[in-house]
Amino acid sequence: LSACSASVLEFVALPKSLEIPAPSTVSEIRLSNLADINSNLLGLSARTTPGFEAQTDLFSRPRAIAVVRIDGIDSLNSKDHTTYKLENDRFEMSSLDEKLESSFGADRETVTVDKNGVTGSAIAQVVAQQKVNEADIKTKLPLLREELEQVYRLAAAISSQGAKFENSNAPDVYRVTITGLSGLQLNGDERATAVKDVEDAVNKLAAALATAYGDQAIVEVVALSDAVTPVEHEPTLVRRKRAADFTDSEKSLKEWRESLNIERFVSDDYPAIFAIFAGLIIALVLAVLYTVVGMMTMDPSKDSIIYRMTTTRMKRA
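Structure follows, in structure tokens:
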């Protein structure tokens, strides 16, 4: 697939504990690196993407992330968003799923919203019960209206279940795919109305996540002017499709790897663990060495307590 410089990655919401590089210092980000970037932002991996070195807080990790993919637009044109240029190679998020599954198991929220509906964990069942004010959506495009209604329902479901997320330890993942603008020839007014509706829906979702998770939620928009093929549709990844035939209730990730004879990957956090233990050992060795040298170089006078306790007097005959 050819690269398209018009496609962008926009961060709508970020925790205050995260510091990302300024867009002017980042030339271009590959779309295929998005999963690694998100793994680093969520604290799942210490490995950073070259050119995108983010500063994270080890003791204050994000508790949720929402990735909104929008096909058919260059960007949301919002001045409040931090925007980076994207190179469209492929859209792949499976590595992030594997790291979350390996670290936290299935005890977390995972919701996918697309033109086929809403699927995922328990909260996906709540989404279908939410009502939407149709007046909030101005566009007349039928597919786009349906997709935006699902986004509003998801936001309402998250707001209604806010208390459920207060004690959650695992990062929850929300994926939204909006394709209602892809491949359409629209005039200026129709397109402006549609993009404004999409922006309002994304802001509504961001507000709901902020309410439920406080300051610990990431909301990012992947705007693709040219649609790219999802990684699951590529013929080179048949092995992953085979693993997808299992359900969570039947096989765990460990059993999948054993059945497919796949070696367990090495954690990216090992260098950080080694550095912590090495620092502690060096500090202890230096402390002991300082104490020993200090005791050996002491020259107590005769009036000191140590001299009186260690000096014996001769008895008179």
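Residue numbers (our numbering): 1 to 317. Don't be surprised by glycine CBs; every beta carbon is placed ideally from N, CA and C.
Since residue i is in the alpha helix (DSSP H), which residue starts that stretch and which ends it?
{"i": "Ala192", "result": "188-213"}
{"i": "Leu224", "result": "Run containing Leu224: none in the alpha helix (DSSP H); it sits in the beta strand (DSSP E), 217-224."}
{"i": "Ile123", "result": "122-127"}
Residue i by DSSP, collapsed to three states: which one?
{"i": "Glu19", "result": "strand"}
{"i": "Phe165", "result": "helix"}
{"i": "Gln55", "result": "strand"}
{"i": "Pro79", "result": "The identity of residue 79 in the sequence shown is Lys, whereas the question assumes Pro. Reduced to three states, the DSSP call for Lys79 is coil."}
{"i": "Thr25", "result": "helix"}
{"i": "Gly294", "result": "helix"}
{"i": "Glu149", "result": "helix"}
{"i": "Leu44", "result": "coil"}
{"i": "His233", "result": "With a pLDDT of only 41 at His233, under 50, the local geometry of the prediction cannot be trusted, and the value read off the model is given with reservation. Residue state, collapsed to three classes: helix."}
{"i": "Ala64", "result": "strand"}
{"i": "Glu98", "result": "helix"}
{"i": "Ala13", "result": "strand"}
{"i": "Glu134", "result": "helix"}
{"i": "Asp74", "result": "coil"}
Can you check which of these residues, the options, is closest to residue i by C-alpha distance?
{"i": "Asn133", "options": "Tyr213, Glu101, Ala192, Ala201", "result": "Ala201"}
{"i": "Pro271", "options": "Thr48, Ala156, Arg191, Met295", "result": "Thr48"}
{"i": "Gly162", "options": "Ala210, Gly120, Lys196", "result": "Ala210"}
{"i": "Ile73", "options": "Ala283, Ala278, Val222", "result": "Val222"}
{"i": "Ser32", "options": "Phe11, Gly51, Arg63, Glu87", "result": "Glu87"}
{"i": "Thr193", "options": "Leu76, Gly279, Val26, Phe165", "result": "Leu76"}
{"i": "Phe59", "options": "Lys79, His81, Lys16, Ala22", "result": "Lys16"}
{"i": "Tyr62", "options": "Asn169, Tyr290, Asn203", "result": "Reading off the sequence, residue 62 comes out as Pro, not Tyr. For Pro62, the nearest C-alpha among the options comes from Asn169."}
{"i": "Lys138", "options": "Lys196, Leu184, Ser103", "result": "Lys196"}
{"i": "Leu135", "options": "Leu148, Asp269, Leu143", "result": "Residue identity differs from the one stated: residue 135 is Ala in this sequence, not Leu. Of Leu148, Asp269, Leu143, the residue nearest in Cα terms is Leu148."}
Would residue i and residue j be called neighbours here (beta carbons separated by less than 9 Å)?
{"i": "Val219", "j": "Ala13", "result": "yes"}
{"i": "Thr179", "j": "Asp89", "result": "no"}
{"i": "Ala206", "j": "Ala66", "result": "yes"}
{"i": "Leu44", "j": "Leu18", "result": "no"}
{"i": "Asp382", "j": "Ser182", "result": "For the chain, the structure presents residues 1 to 317; residue 382 sits outside this window and is missing."}
{"i": "Val198", "j": "Leu144", "result": "yes"}
{"i": "Phe165", "j": "Ala212", "result": "yes"}
{"i": "Glu28", "j": "Lys85", "result": "yes"}
{"i": "Gly105", "j": "Thr112", "result": "no"}
{"i": "Thr56", "j": "Val8", "result": "no"}
So the beta strand (DSSP E) residue i belongs to, where does it begin and stop?
{"i": "Ile178", "result": "172-178"}
{"i": "Asp114", "result": "110-114"}
Open item on the list: Assess contact between the segment 168-184 and the segment 88-108, defined as three or more Cβ pairs (one per stretch) separated by less than 8 Å. Is contact present?
Closed with: yes
Open item on the list: Would the segment 146-166 count as touching the segment 120-128 if we require 3 or more Cβ pairs under 8 Å?
Closed with: yes
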